[in-house]
Structures are given as C-alpha cells and as structure tokens.
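So the structure is just underneath, and the comments pick up after that.
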Amino acid sequence: MLNKLLFHRFPNVKSWLTRLQYEFISALNLKKEVLFMNFGYTAHHEGAEPLKLDPENEKHRYSLQLYHHVAKSVDWSGCDALEVSSGRGGGAHFIMNYFKPKSYTGVDFSARAIEFCQSHYKVDGLKFRHGNAEALTFPDNSFDVVVNVEASLYYPNITKFFEHVKRVLKPNGYFLYTDLRYTEKVDLWHAQLKSMGLKLIKEEDITDNVLKAMELDRERRMQLVDKFVPAILRKQFYHFAGLSPDSPNATPHLDNRRYWYFVLQKEG
Ligand SMILES: C[S@@+](CC[C@H](N)C(=O)[O-])C[C@H]1O[C@@H](n2cnc3c(N)ncnc32)[C@H](O)[C@@H]1O
Numbered sequence: 001m002l003n004k005l006l007f008h009r010f011p012n013v014k015s016w017l018t019r020l021q022y023e024f025i026s027a028l029n030l031k032k033e034v035l036f037m038n039f040g041y042t043a044h045h046e047g048a049e050p051l052k053l054d055p056e057n058e059k060h061r062y063s064l065q066l067y068h069h070v071a072k073s074v075d076w077s078g079c080d081a082l083e084v085s086s087g088r089g090g091g092a093h094f095i096m097n098y099f100k101p102k103s104y105t106g107v108d109f110s111a112r113a114i115e116f117c118q119s120h121y122k123v124d125g126l127k128f129r130h131g132n133a134e135a136l137t138f139p140d141n142s143f144d145v146v147v148n149v150e151a152s153l154y155y156p157n158i159t160k161f162f163e164h165v166k167r168v169l170k171p172n173g174y175f176l177y178t179d180l181r182y183t184e185k186v187d188l189w190h191a192q193l194k195s196m197g198l199k200l201i202k203e204e205d206i207t208d209n210v211l212k213a214m215e216l217d218r219e220r221r222m223q224l225v226d227k228f229v230p231a232i233l234r235k236q237f238y239h240f241a242g243l244s245p246d247s248p249n250a251t252p253h254l255d256n257r258r259y260w261y262f263v264l265q266k267e268g
C-alpha cells in the first residue's frame, strides 16, 4: 500500500528511496550469488524447451531466461548495444556471451553496482558506466540496440527516458523493453510508449510467465534474503524479491501488477 502510494503520488521520493535501496543491496557482500535483480521468466509450462545453461548459471536460470526472451527478437551481429539500468550486470554479461554483439555498455545510477560490474566482468567489448536513465550522456544515434529490464518503474519521468532512448538509437535500431505496472496504470503506460515515436514491432503480456518463474524460484529467493539481509529489514526485502512479507512461503504475486514485453524500432 505504502509502495503504491509512493509510486503514484511521490515519484521523486520513490526514486530517491530506490537509489538508497539499491546502494544498500550493493553494499551487502553478495558476491556472485546475486547477479540479477528481476523476477525471471519461464515458458516451460507452455511446452518451450528450457534454455541450455552451464551448471554455474543454473541458479540464475529464471532471470537469465527473462534476458534471453527479451534479447532473442533481434540479430545482434555487429551491434553496439546499451543497457539502461544494468544492475549487477548478469544480463549484460549473458547477452555479450550468448548473442555476441560488437559492444555492450551497461549504465546504472547505483555507483556501487557499477563498481562491482567493472571489477567482476572481464569480457572484451563489455563496459559499465555510472549514469541516469533520464539524462543519458551518449551522443545521438550511437546504439543499434537499447535494452531495459524491470527498471523503468522506478524512473520519476518515464517520458524523459523514452526521449533519450529515441535520441541515442541509430536509425533502424531496436528498443527491447520489459517491465511491470499496476493494472490501472497499464493503459497510460502503453499510450506513453506508443507516443515516443518508435514503430511498435511486438507487445506481449508475459505476466503468467513471470509469475510461474517466481513460483519455481521462490525457495532460492527466500534463502538469499535470509542469508544476506539483517532480520530487521527482511520483510521489506521479501517484498522486493516478490515474496509475501509476512509469509514468504506463500505463492508469490505481483501486487496486482502486469508484466509486459515490447520490441520497438526507430524508423530509418
Ligand atoms: C530491479 S533492478 C533490475 C536490474 C537489472 N536490469 C536486472 O534485471 O537484474 C532495477 C535497477 O534500476 C536501477 N535504476 C533505478 N532508477 C534508475 C535511474 N534513474 N537511472 C539508472 N538506473 C536506475 C537500479 O539501480 C537497479 O539496478
């Protein structure tokens, strides 16, 4: 309830609290156990083949599958890509290794997350920089692909972010975008996205796939919160991890929010 009030009525306060929360997360000694901060995705229950993963990536399966689902719609060869709000860099590293773009730059406003990524990932062409989604400093027409995963809900001014995405994309470049919104805000969000002046190639409600992934990953998430977060803050972090604060064993839910995936293209 408080979260919802903050989101709707005081977006700047929410953004500031978010920044504190993510700096706090990065200050915990999470090492390699937490490389993703999204709710994940699965389509196995619909008969899809599970993504083939190395054993060390198995624990990140659902978050990796979200990135895979987001990224698989375009041809990455020779691309210069930007990810806005790359968090702890697991998705950036996965896309770089799996889809092999020419370069991939991750940007996040958590200075600690960027420091972690810069010291943790050593792959040619993969870079991380501190920055704000609403004030990107890259030149016009500089990227073939812009990626954004489960982060724009925290931006106080989504229109500014969309303007920057359009500005930094090269003609014919793609915007691969996924996020969630309270049900009553979904129409407004879609309208804002459609008015950004990019061609809509694909839109998909993936709420059921995300909920199924949350259910399959519930135990691991609960254990991570119990392991890393001090008892006094656990309820808040169960909520953050998509679990019910008072009964984290219960079936996860999205708080009456819908999760969508979009592919948009800047016309040449
Ligand atoms: C839920 S996490 C998702 C991280 C990553 N995309 C993933 O899936 O693991 C949201 C991220 O958005 C970042 N963030 C929030 N507001 C931002 C802003 N205005 N500019 C850049 N990053 C922001 C946070 O620091 C955090 O890393």
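Residue numbers are given in the working numbering: position 2 of the sequence shown equals residue 2, and the series is strictly consecutive.
Just so you know, even glycine gets a beta-carbon here, dropped at the ideal spot from N, CA and C.
Classified as exposed, Glu46 has fewer than 16 neighbouring CB atoms from the shown chains inside 10 Å of its CB. Using a cutoff of 7 Å, the CB of Val210 does not count as near ligand 1, since none of the ligand's heavy atoms is closer than that.
Assignment of Pro50 by DSSP, reduced to helix, strand and coil, places it in the coil class. Rounded to whole angstroms, Phe109 and Phe161 show a C-alpha spacing of 13 Å. Contact between Glu267 and Lys166 does not hold, since the beta-carbon distance rounds to 10 Å and is not under 8 Å.
Note that the C-beta distance between Phe128 and Cys117 is below 8 Å. Glu115 is the residue among Glu56, Arg220, Ala71, Glu115 whose C-alpha sits nearest the C-alpha of Tyr22. When distances are taken from the beta-carbon of Asn132 to the heavy atoms of ligand 1, the shortest one is below 7 Å.
Inside the stretch 187–260, DSSP marks whole beta strand (DSSP E) runs of 3 or more residues at positions 199–205, from first to last along the chain.
Counting the other CB atoms within 10 Å of its CB gives Leu180 a total of 16 or more, which places it among the buried residues.
Your pair Ala92 and Asp144 does not check out as a contact, with CB atoms roughly 15 Å apart and the cut at 8 Å.
Approximately 4 Å separates the beta-carbon atoms of Ala213 and Tyr62; this is inside 8 Å, confirming the contact. With contacts defined by Cβ atoms closer than 8 Å, Arg221 and Leu243 form a contacting pair.
As computed with DSSP, Gly106 is found in a beta bridge with Glu83, Phe128. Taking every protein chain shown into account, the CB of Asn249 has fewer than 16 other CB atoms within 10 angstroms, so this residue is exposed. A direct Cα-to-Cα measurement between His130 and Ala111 gives close to 6 Å. For Gly90, the three-state secondary structure derived from DSSP is helix. Taking 7 Å as the cut-off, the C-beta of Asp179 does not count as close to any heavy atom of ligand 1. Taking the Cα of Arg88 as reference, the smallest distance to any Cα among His60, Pro50, His69 is reached at His60. Per DSSP, Tyr154 is not a residue of any beta strand (DSSP E), being assigned neither H nor E.
In terms of Cα proximity to Tyr121, the closest of Met96, Ile232, Asn38 is Met96. With contact defined as three or more Cβ pairs closer than 8 Å, the stretch 222–236 and the stretch 202–213 are not in contact. One Cα belongs to Glu56, the other to Val149, and the distance between them is close to 22 Å.
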